[in-house]
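*Asks:* Residue numbers (my numbering): 63 to 581.
Spelled out as C-alpha cells, the structure:
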C-alpha cells in the first residue's frame, strides 16, 4: 500500500514538473546574442531543451517493487543513465560535443561524463545478468522486465522520432546535399544549444542575420537562403570559396556571405561630361542594359513550372565579376577608402571612359545633327560605337550586354554657350526669313508686272478692235481718249485702287470726263 501511495505521489510530481518545465521552456526560448557560450554550457542547454521535457528520471520510479530482479539501484541506474548515455551519444554524433582542438578541458569533461554513463550502464547490465543467472526467475518476472525496458525506451524513441520528423519539416536543405538528415539534426541541436552557427536570409538584395551565432565556434552548419533571382558569394576566413544559391545553402565553419549578386536584367543610367571637337564641354546621359551571363539557361514559363533556379553560366563567371571590382580611394573618407565599386558599375565605367574618347571627334553641331552617310542621329552613332567597345570589354568578365544608348538631353555645361547658340540660331533664322520675304516680294512684283502687261494688252486689243469699226478716221483720237478716260474712272472707283491714289485723282478724272462730253 505504501508503494502505491509513493507511485501516485511520484506521478503527481511528474505531471506537475512536466507542466512547469514545458511552460518555462516555452517562455524562455533560446537567445542568440552572438556572445560566446562555454562548450559545456552549450552541451547542458542542448540536454535540457531536448531531453529535459521527458523528465526521464521520474517515471521510472513507478517501477519500484514491480519487477523482482530489479533492485532500487538498478531502477535508478537504468532510468537515469541509459537515456543520458543515449542523448550524449546523439549529441556526439551531431557534433555538439566540445572539440579537443577548440576547448580541450571541456572536451575531457564531456567525454568523462559520457564514459562514466557507459560504465555505469554496463555495470548495471552485468549485475542484472548475474542476478538472473544466480536466482530462479519466473516467466511473469521476465515479461515485467521486458515491459520495463519497453517503457524506458518508448520516450526515447518518441523523442528521436519527433526530432527526425521536425527537422525534416522545419529546416530545408539543398536537394544535392548528401547528408541532409545529419545536417538538419546538427542545425536543430545548434539551435537548442543557444550557440549555433549564424542563419542568414537575403531580402531585397541585402543579407540579413536572422540568428546571431558564430561562424567558427557555433554548433552545426550555418544556413543561408537567397531570393530566386540572387546568388551569394561565400567567403572563408581569408578567401573566396564558392557561390551559393539561388535557394538554400549550408555554410561550413568560418564561412559567411561576402556579396550578393542579382541575376536579373540590370539597367543603369548616369550623366557625364566630355569635351567636343570645338572645345565645348557638354553634359550628356548614358545608359547600359546588361545581366550576368546565363549561358544556355533561360527564364520562361516552362522553367517556372519546373521550379528551376535562376540561371547563370558557372561559378567562374561570378568570381570573374567580383575580382574585376576596383578600389578607388580618391576623395573618400578613411572608412570608404577600401570600398570596391560594385560589379554592376563596370559597364557604365567602361562606357564613360570610351565616350570621353569618342565625343572629341565631333563638334557640338555634329552631335545635334544627322550623320549624312547613315542618315542616323549622330548621338545614336556614338552610342553604337561605345556599346561595341563595352561589349568587347565586359563580356569576357561574365556580363552579357543587352543594350545601351546616349540620351537626347545633351546640354553644354556653360550656360553662356546656350545663349550664344540661341542668338546664332536667331540670327540665322532672321536671315532666312529676310531671304524668304525678299524672294516672296520679288515673285509678287514679277506676278504684278505680268498682270499689268496682260491688262494693258487686253485694253489695247479692245481699243484697236473698236477703232477699226469707226468709219470716220478723224474720230479715232477722240474715241481713244474718251475710252481710256472712262476706264481710268472705273478703275479709280475700285476700293483697292482708290487707297493707292491721291484724294484729288478721282475728282480730276471725273472733271476731264465732263469736259469731254461737253466737247
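By construction, the Cβ of each residue, glycine as well, lies at the ideal position given by its N, Cα and C atoms.
Source: prediction; values computed, not measured.
1. Less than 7 Å between C-beta atoms, sequence neighbours within five positions excluded: which residues of the same chain meet that for residue 144?
2. Just to confirm my understanding: we take residue 475, look at its own chain, exclude 5 residues before and 5 after, and list those with CB closer than 7 Å. What are they?
3. DSSP three-state call for residue 292: helix, strand or coil?
4. Considering only their Cβ atoms, is the gap separating residue 310 from residue 234 smaller than 8 Å?
5. Quick one: is residue 292 buried, meaning 16 or more other Cβ sit within 10 Å of its Cβ, or exposed?
6. Using 8 Å as the threshold, is the C-beta distance between residue 322 and residue 294 below it?
7. Along the chain, where does the alpha helix (DSSP H) containing residue 440 start, and where does it finish?
8. Helix, strand or coil: how does DSSP classify residue 362 here?
9. For the alpha helix (DSSP H) containing residue 216, list its first residue and its last residue.
10. Please name the residue or residues paired with residue 348 in a DSSP beta bridge.
11. Can you check whether the CB of residue 273 is closer than 8 Å to the CB of residue 37?
12. Shortest alpha-carbon distance to residue 163 belongs to which of 87, 197, 279?
13. Find the nearest neighbour of residue 97 within the set 126, 260, 74, 327, judged by alpha-carbon distance.
14. At what residues does the beta strand (DSSP E) containing residue 273 begin and finish?
15. What residues match up with residue 284 in a beta bridge as DSSP calls it?
16. For the alpha helix (DSSP H) containing residue 387, list its first residue and its last residue.
17. Within this structure, are the beta carbons of residue 465 and residue 366 separated by less than 8 Å?
18. Smallest Cα separation from residue 339: which of 415, 285, 421, 570?
19. Can you name the start and end residues of the beta strand (DSSP E) that residue 108 belongs to?
20. Anyone know if the C-beta pair for residue 443 and residue 413 falls short of 8 Å?
21. Where residue 133 and residue 127 are concerned, what is the direct C-alpha to C-alpha distance, given to the nearest angstrom?
22. Indicate the three-state DSSP secondary structure (helix, strand or coil) for residue 173 in the structure shown.
23. Would residue 282 pass as a contact of residue 251 if the rule is Cβ separation under 8 Å?
24. With DSSP collapsed to three states, give me the class of residue 138.
25. Excluding the 5 residues preceding and the 5 following residue 271 in the sequence, name in chain order all residues of the same chain whose CB lies nearer than 7 Å to its CB.
26. Which same chain residues end up closer than 6 Å to residue 379 when comparing Cβ atoms and leaving out the 5 residues on each side of it in sequence?
27. Contact check, residue 83 vs residue 117 under 8 Å by CB: the rounded distance?
28. Could you tell me the boundaries of the alpha helix (DSSP H) in which residue 409 lies?
29. Between residue 361 and residue 319, how many whole angstroms is the CB-CB distance? I'm expecting something under 8 Å.
30. What does residue 319 pair with, by DSSP beta-bridge criteria?
31. Measuring only the C-alpha atoms, how far is residue 435 from residue 325?
32. Using only the alpha-carbon positions, how far apart do residue 423 and residue 236 sit?
33. So, with DSSP's three-state summary, where would you put residue 474?
34. For residue 635, name the three-state secondary structure that DSSP assigns.
*Replies:* For this structure:
1. By one-based count along the chain shown, residue 144 stands at place 82. Once the five neighbours on either side are set aside, the close Cβ partners of residue 144 are 183, 214.
2. As a first step, residue 475 must be located in the chain shown, where it is residue number 413. Correct list, in chain order: 335, 343, 344, 345.
3. Here residue 292 refers to the residue found at position 230 of the chain shown. Residue 292 falls in the strand class under three-state DSSP.
4. Walking along the chain shown from the start, residue 234 turns up at place 172. Walking along the chain shown from the start, residue 310 turns up at place 248. Yes. Within cutoff.
5. By one-based count along the chain shown, residue 292 stands at place 230. When all chains shown are included, residue 292 counts as buried.
6. Position 260 of the chain shown, counting from 1, holds the residue named residue 322. Position 232 of the chain shown, counting from 1, holds the residue named residue 294. Result yes, Cβ atoms of residue 322 and residue 294 sit closer than 8 Å.
7. Position 378 of the chain shown, counted from the first residue, corresponds to residue 440. 440-456 is the extent of the alpha helix (DSSP H) around residue 440.
8. For the purposes of this step, residue 362 is taken as the residue at position 300 of the chain shown. It is coil, neither helix nor strand.
9. As a working mapping, residue 216 is identified with position 154 in the chain shown. 201-232 is the extent of the alpha helix (DSSP H) around residue 216.
10. Position 286 of the chain shown, counted from the first residue, corresponds to residue 348. DSSP lists 332, 468 as partners of residue 348.
11. Residue 37 is absent from the model: the chain starts at 63 and stops at 581.
12. Position 101 of the chain shown, counted from the first residue, corresponds to residue 163. For the residues 87, 197, 279, the minimum Cα distance to residue 163 belongs to 279.
13. Working through the chain shown from its first residue, we reach residue 97 at position 35. When 126, 260, 74, 327 are compared, the shortest CA-CA separation from residue 97 is found for 260.
14. Residue 273 sits at position 211 when you count from the first residue of the chain shown. First-last of the beta strand (DSSP E) with residue 273: 268-273.
15. Counting from 1 along the chain shown, the entry for residue 284 is found at position 222. Beta-bridge pairing links residue 284 to 313.
16. On the chain shown, residue 387 is found 325 positions in, with the first residue counted as 1. Unbroken run through residue 387: none, as it is neither H nor E.
17. Residue 465 sits at position 403 when you count from the first residue of the chain shown. Residue 366 sits at position 304 when you count from the first residue of the chain shown. No, they are not a contact pair.
18. Counting from one through the chain shown, the residue named residue 339 turns up at place 277. Looking at the Cα atoms, 421 is the closest of the given residues.
19. Against the chain shown, residue 108 aligns to sequence position 46. Premise fails: residue 108 lies in the alpha helix (DSSP H), 101-112, not in any beta strand (DSSP E).
20. What you label residue 443 is simply residue 381 of the chain shown in a count that begins at 1. What you label residue 413 is simply residue 351 of the chain shown in a count that begins at 1. Taking 8 Å as the Cβ cut-off, residue 443 and residue 413 do not qualify as a contacting pair.
21. Your numbering for residue 133 matches position 71 in the chain shown. Your numbering for residue 127 matches position 65 in the chain shown. C-alpha separation (whole angstroms): 8 Å.
22. In the chain shown, counting from the first residue as 1, residue 173 sits at position 111. Residue 173: helix per DSSP, three-state reduction.
23. Working through the chain shown from its first residue, we reach residue 282 at position 220. Working through the chain shown from its first residue, we reach residue 251 at position 189. For residue 282 and residue 251, yes; Cβs fall inside 8 Å.
24. Counting from 1 along the chain shown, the entry for residue 138 is found at position 76. Helix.
25. Your numbering for residue 271 matches position 209 in the chain shown. Around residue 271: 260, 262.
26. Mapped onto the chain shown, residue 379 falls at position 317. The residues are 355, 460.
27. The count along the chain shown starts at 1 and reaches residue 83 at position 21. The count along the chain shown starts at 1 and reaches residue 117 at position 55. Rounded, the Cβ-Cβ distance is 7 Å, consistent with contact.
28. In the chain shown, residue 409 corresponds to position 347, counting from 1. Looking at the DSSP string, the run of the alpha helix (DSSP H) that includes residue 409 is 408-420.
29. Numbered from 1 along the chain shown, position 299 holds the residue referred to as residue 361. Numbered from 1 along the chain shown, position 257 holds the residue referred to as residue 319. With a Cβ gap of about 24 Å, residue 361 and residue 319 do not count as contacting.
30. Locating residue 319 in the chain shown gives position 257, counting from the first residue. Answer by DSSP bridge pairing, in chain order: 296.
31. Locating residue 435 in the chain shown gives position 373, counting from the first residue. Locating residue 325 in the chain shown gives position 263, counting from the first residue. Cα to Cα, the separation comes out at about 39 Å.
32. To locate residue 423, count along the chain shown from 1; it is residue 361. To locate residue 236, count along the chain shown from 1; it is residue 174. For residue 423 and residue 236, the distance between alpha carbons rounds to 55 Å.
33. By 1-based counting over the chain shown, the position of residue 474 is 412. For residue 474, the secondary structure class from DSSP, reduced to helix, strand or coil, is strand.
34. Only positions 63 to 581 of the chain appear in the structure, and residue 635 is not among them; the question remains open.
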